[in-house]
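Engineer: In this note's numbering, the protein residues as written are 22 to 195.
Cβ atoms here follow ideal geometry from the backbone N, Cα and C, with glycine treated the same way.
It should be emphasised that the depicted structure is a prediction, and the values quoted were computed from it without experimental measurement.
One structure is given below, represented as structure tokens, and several questions about it will come after.
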Amino acid sequence: CGANHSYFGRPEWEEFAPGLKTLEQATEIRRRILAAFERAENALDPDEQRELVTFVVVGAGPTGVEMAGTIADMARDTLPPDFRNIDTRKARVVLIEAGPRVLAGFPEDLSAYAQRSLEKLGVEVMLGEAVTECSIEGVVYGGKRLEARTLIWAAGVRASRAAEWLNAPHDRAY
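Here you go:
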């Protein structure tokens with residue numbers, strides 16, 4: 022029956038931080054990431070360049086961990102030859118997780134290994150701080166504002182409404 026994203030009562034955040042559940046969403050996220058590098062290539066203001074190549078992934082489950090690692094890998098290994106005015110290796114990838122660790126559903130040793138692997142790629146892992154605002158300018162988490170133009174949502178999952186249609190029991194993810 023599928024699942025949808027849960028923006029924890031803030032559906033307006035979806036405009037700024039798309040999730041990754043469909044092929045169309047994957048294509049849109051890819052477009053946003055590549056467009057950010059292209060706009061940074063043409064931007065003259067260093068602050069604007071920095072904001073354009075700051076990528077925020079909200080949620081450190083399997084999707085968020087994979088996405089953050091992929092963006093960092095692209096920026097450091099794949100994209101550098103394609104740009105002359107910016108160093109894509111200086112892109113900032115920030116993974117924000119409200120919980121105490123990445124991959125919370127996995128054993129602690131695997132979670133720790135995943136975090137170390139992300140950090141080796143240059144991903145900044147922020148734990149224990151929930152995002153409280155998403156906008157076109159970036160995010161607020163733990164009371165701090167982070168200016169970023171590309172946000173990706175990998176935090177909440179809302180189950181299909183099939184339980185409602187069937188008048189069946191359901192859990193809080195419904």
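Which one or two residues does DSSP pair with residue 154 in a beta bridge?
Structural biologist: Here residue 154 refers to the residue found at position 133 when the sequence shown is read from its first residue. In DSSP, residue 154 forms a bridge with 161.
Engineer: Pull up the distance between the alpha-carbon of residue 111 and that of residue 74, whole angstroms please.
Structural biologist: Translated into the one-based positions of the sequence shown, residue 111 becomes position 90. Translated into the one-based positions of the sequence shown, residue 74 becomes position 53. Cα to Cα, residue 111 sits roughly 8 Å from residue 74.
Engineer: Between the Cα of residue 145 and the Cα atoms of 90, 163, 59, 40, which residue gives the shortest distance?
Structural biologist: Counting from one through the sequence shown, the residue named residue 145 turns up at place 124. Comparing Cα-Cα distances from residue 145 to each of 90, 163, 59, 40, the minimum goes to 90.
Engineer: Alpha carbon to alpha carbon, what distance is there between residue 172 and residue 14?
Structural biologist: With the chain covering only 22 through 195, there is no way to say anything about residue 14.
Engineer: Between the alpha carbons of residue 142 and residue 122, how many angstroms are there, rounded?
Structural biologist: As a position in the sequence shown, residue 142 is number 121, starting the count at 1. As a position in the sequence shown, residue 122 is number 101, starting the count at 1. Each residue's alpha carbon lies about 17 Å from the other.
Engineer: Tell me whether residue 43 sits in a helix, a strand or coil according to DSSP, three-state version.
Structural biologist: Within the sequence shown, the letter at position 22 stands for residue 43. Coil at residue 43, not helix or strand.
Engineer: Given this structure, state the Cα-to-Cα distance separating residue 176 from residue 79, to the nearest angstrom.
Structural biologist: As a working mapping, residue 176 is identified with position 155 in the sequence shown. As a working mapping, residue 79 is identified with position 58 in the sequence shown. When rounded, the distance between both Cα atoms is 6 Å.
Engineer: Can you tell me whether residue 105 is helix, strand or coil according to DSSP?
Structural biologist: Along the sequence shown, one-based indexing puts residue 105 at 84. Coil.
Engineer: Counting Cβ pairs, one atom from each stretch, are 3 or more of them under 8 Å apart for the region 152-160 and the region 36-46?
Structural biologist: The way I'd put it, the region 152-160 does touch the region 36-46; three or more beta-carbon pairs between them come closer than 8 Å.
Engineer: Report the partner residues of residue 76 according to the DSSP bridge assignment.
Structural biologist: In the sequence shown, the residue the question calls residue 76 occupies position 55. Residue 76 pairs with 114, 171.
Engineer: Could you tell me the alpha carbon to alpha carbon distance between residue 147 and residue 66, rounded to whole angstroms?
Structural biologist: Mapped onto the sequence shown, residue 147 falls at position 126. Mapped onto the sequence shown, residue 66 falls at position 45. The straight-line gap from Cα to Cα measures roughly 27 Å.
Engineer: Residues in the same chain with beta-carbon distance under 7 Å from residue 83, minus the five sequence neighbours each way, listed in chain order, please.
Structural biologist: Position 62 of the sequence shown, counted from the start, is the residue given in the question as residue 83. Excluding sequence neighbours, residue 83 sits near 124.
Engineer: In the DSSP assignment, find the beta strand (DSSP E) that holds residue 147 and state where it starts and stops.
Structural biologist: One-based indexing of the sequence shown puts residue 147 at position 126. Residue 147 -> beta strand (DSSP E) spans 145-148.
Engineer: Can you tell me which of 115, 63, 94, 58 puts its alpha carbon nearest to the alpha carbon of residue 174?
Structural biologist: Numbered from 1 along the sequence shown, position 153 holds the residue referred to as residue 174. The candidate whose alpha carbon is nearest that of residue 174 is 115.
Engineer: Roughly how many angstroms lie between the CA atoms of residue 33 and residue 102, to the nearest whole one?
Structural biologist: On the sequence shown, position 12 is the one that residue 33 refers to. On the sequence shown, position 81 is the one that residue 102 refers to. If I take the Cα positions, the gap works out to 37 Å.
Engineer: Alpha carbons only, please: which of 51, 106, 92 is nearest the one belonging to residue 61?
Structural biologist: Translated into the one-based positions of the sequence shown, residue 61 becomes position 40. Closest in alpha carbon position to residue 61, among 51, 106, 92, is 106.
Engineer: Take residue 170 as the anchor and find which of 164, 68, 86 has the nearest alpha-carbon.
Structural biologist: Residue 170 sits at position 149 when you count from the first residue of the sequence shown. With distances taken between Cα atoms, residue 170 lies closest to 68.
Engineer: Kindly indicate the opening and closing residues of the alpha helix (DSSP H) around residue 139.
Structural biologist: Reading the sequence shown from its first residue, position 118 is the one you call residue 139. Taken as a continuous stretch (DSSP letters only), the alpha helix (DSSP H) holding residue 139 covers 129-141.
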